[in-house]
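Report on the following structure.
Residue numbers (mature numbering (1 follows the signal peptide of the UniProt record, and there is no 0)): -19 to -1, 1 to 231.
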């Protein structure tokens, strides 16, 4: 039979054993944290989509907006000056309008190779489609709406100009006066679809933003995981010691 003094001596070693296991857990955690902090930080750049049109130094081109039919049969504003590379966005309002390019001498008739937005309707407020053109040179762009219902819009003065002449008789007032004389024939719309610009799709998404940076390797175990493992080891050691003592007492 095991003596009482032996049992007492065995039990007295339990705090020492628990302390050794706990210290081992702390040492393991400290070593892991030091190794993690010493690991060099990744310098790999993320994939970012950046729009850099040529000749603009990395900045986006200027954009001007013309409201089509917002204030009755008008373009607002009806006169715009834009540099080469800049964009003009036509925003459409009720009820159904279009933008067509004409020659100065023949208002309300489409010019050869001129722009055409197609008809864009809106039952209320701004339409969910816009028409965008990019200015290619500094020549005048004479515009009109070819809608003829309930009356000819072009003859009613629904005309505009981009980059008008700085002087001379070819101005917007003269173009509008000539358009008024076409009331009997009305405006003419080109055949086919949009030309010379881009019509936005209904509900089209915005420009994609920056791509998410790629991963930086496999995830590292946390400090709590190391502590949990170490504490489990310590408890297992203590339970094992207690089992040995219990076996000796039997």
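Each residue gets a CB set at the ideal place from its N, CA and C atoms; glycine is no exception.
The C-alpha of residue 104 is placed about 33 Å away from the C-alpha of residue 66.
In this structure, 144 is the residue among 137, 144, 75 with its C-alpha nearest to the C-alpha of residue 117. In this structure, DSSP gives residue 85 a state outside helix and strand, which the three-state scheme calls coil. Contact check between the region 45 to 53 and the region 61 to 77: three or more CB pairs, one atom from each, fall below 8 Å, which counts as touching. Taking C-beta atoms under 8 Å as the contact rule, residue 135 and residue 163 qualify, at a distance of about 6 Å.
Looking at the backbone, the Cα of residue 87 and that of residue 159 are separated by about 8 Å. Here residue 55 is buried. Its C-beta has 16 or more other C-beta atoms within 10 Å. CA-to-CA, the gap between residue 92 and residue 102 works out to about 23 Å. Secondary structure note for residue 156: its alpha helix (DSSP H) is the uninterrupted segment 153 to 161. Ranked by Cα distance from residue 46, the first of 113, 64, 95 is 113. Beyond the five residues adjoining it in sequence on each side, residue 174 comes within less than 7 Å, by CB distance, of 99 in the same chain, given in chain order. Collapsing the DSSP output to three states places residue 145 in coil. Residue range 68 to 73 is occupied by the beta strand (DSSP E) that includes residue 71.
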